[in-house]
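Step one of this worksheet: look at the structure below.
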Amino acid sequence: MVTFKDQLYAWRGVIFALFLRELQSKFNDKFGLGWAFLEPFVFILALSFFRSLLSPGDVHSVPLFIFMMIGLMGLQSLTTCLQSVSTSIRRNKPLYAFRQVQPLSAVLTAGFLEFFIKVVVVGLIAVALYLMGEDFAIHDPLLLIFLFLMLWAFSISIGLIFGIAAAFVPEVDKIKSMLTRPLMFISCVFFSLQDLPEKFWPYLTWNPLVHFNELARYACFESYGHKGVSLSFIIEVTVVFVFLSLAMYHITWKRVLSR
1 MVTFKDQLYA
11 WRGVIFALFL
21 RELQSKFNDK
31 FGLGWAFLEP
41 FVFILALSFF
51 RSLLSPGDVH
61 SVPLFIFMMI
71 GLMGLQSLTT
81 CLQSVSTSIR
91 RNKPLYAFRQ
101 VQPLSAVLTA
111 GFLEFFIKVV
121 VVGLIAVALY
131 LMGEDFAIHD
141 PLLLIFLFLM
151 LWAFSISIGL
161 IFGIAAAFVP
171 EVDKIKSMLT
181 RPLMFISCVF
191 FSLQDLPEKF
201 WPYLTWNPLV
211 HFNELARYAC
221 FESYGHKGVS
231 LSFIIEVTVV
241 FVFLSLAMYH
251 ITWKRVLSR
């Protein structure tokens with residue numbers, strides 16, 4: 001008789017094997033993990049330069065490069081995790097012939113891989129900031145870590161919902177692409193919420209990524225403030241989408257295997 005402990009060991013082995021497979025397929029070129037660092041770093045530098053042309057100097061007491069880094073890392077954490085998780089079910093479909101491998105294992109593996117990559121990239125960017133002389137003390141590191149974990153859980157949940165939907169209606173991938181494109185302009189990446197009049201805030205604060213980015217900047221710099229955003233909103237939205245995605249998976253995962 002197979003015990004629950006044996007099932008956990010088997011599931012851990014499956015996830016680890018899938019993790020190595022995803023890692024090898026994702027970084028099979030000459031740049032490897034270095035490209036995951038160079039791409040956002042160059043992108044942050046370019047956007048910081050263009051942002052400095054509009055308003056040079058700090059952005060509400062936050063150095064411009066760090067301001068752009070937080071916004072872009074939040075955006076890329078969401079979009080890359082969403083893309084990887086939503087396509088993981090389809091990518092690993094041949095492996096479902098083995099009964100130990102289930103779609104949820106592929107989803108969690110893709111999410112863990114993106115989490116691991118972003119942690120490494122953030123660490124490398126922190127080293128680059130130190131070498132550039134942009135050292136600073138984080139005001140609330142626990143809040144920053146909590147926000148990153150919430151964003152990771154939120155991204156996996158959204159990706160799982162899109163992945164399940166795409167298994168039944170492939171055109172959902174096109175809708176996903178359309179929804180993610182404007183995030184750069186409506187998620188307080190290039191600008192601060194405080195740059196806009198308060199009467200326009202309700203048109204942006206429905207977007208959870210605005211709360212993630214603004215609170216992450218506040219967690220690094222207390223002087224930045226957190227007016228207009230709410231930590232409770234992030235927690236509520238994340239819990240709702242985690243529950244919704246798991247409910248959808250529980251109801252449909254057997255039919256997803258047969259698609």
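So that you can map any letter, position 129 of the sequence shown is 129 in the UniProt record's numbering, and since no number is skipped, the others follow by simple counting. By construction, the Cβ of each residue, glycine as well, lies at the ideal position given by its N, Cα and C atoms.
Limits of the alpha helix (DSSP H) - the one that residue 344 falls within: Residue 344 lies beyond the range of the chain shown here (1 to 259); nothing can be said about it.
Three CB pairs or more closer than 8 Å across the stretch 185-193 and the stretch 69-76: Judged by Cβ distances under 8 Å, the stretch 185-193 makes contact with the stretch 69-76, as three or more pairs qualify.
Straight-line Cα distance separating A97 from F49: Going from the Cα of F49 to the Cα of A97 covers about 51 Å.
Status (buried if at least 16 other CB within 10 Å, exposed otherwise) for A247: exposed
Short Cβ contact (8 Å threshold) for V239 with L193: Taking 8 Å as the Cβ cut-off, V239 and L193 do not qualify as a contacting pair.
Cβ neighbour criterion (16 or more within 10 Å) applied to residue 266: As shown, the chain starts at 1 and ends at 259. That puts residue 266 outside it, with no answer to give.
C-beta contact flag for I70 and A216 at 8 Å: yes
Beta-ladder partner(s) of V62, from DSSP: DSSP lists V59 as partners of V62.
Nearest to L129 (by Cα), restricted to the options L95, F112 and F41: F41
Same chain only: Cβ atoms within 8 Å of V237, ignoring 5 sequence neighbours per side: The beta carbon of V237 sits closer than 8 Å to the beta carbons of F154 and P208 from its chain, once the five residues preceding and following it are set aside; these are given in chain order.
Euclidean distance between Cα positions of F136 and I145: 17 Å
Endpoints, alpha helix (DSSP H) assigned at Y224: No alpha helix (DSSP H) contains Y224, which DSSP labels as neither H nor E.
Option in L54, L113, D140 and P94 with minimal Cα separation from F16: When each option's Cα is compared against that of F16, the closest is L113.
Own chain, CB closer than 6 Å to I156, minus 5 neighbours either side, in chain order: V85 and G111
Own chain, CB closer than 6 Å to K118, minus 5 neighbours either side, in chain order: S77
Buried versus exposed, by CB contacts within 10 Å (16 or more), P141: exposed
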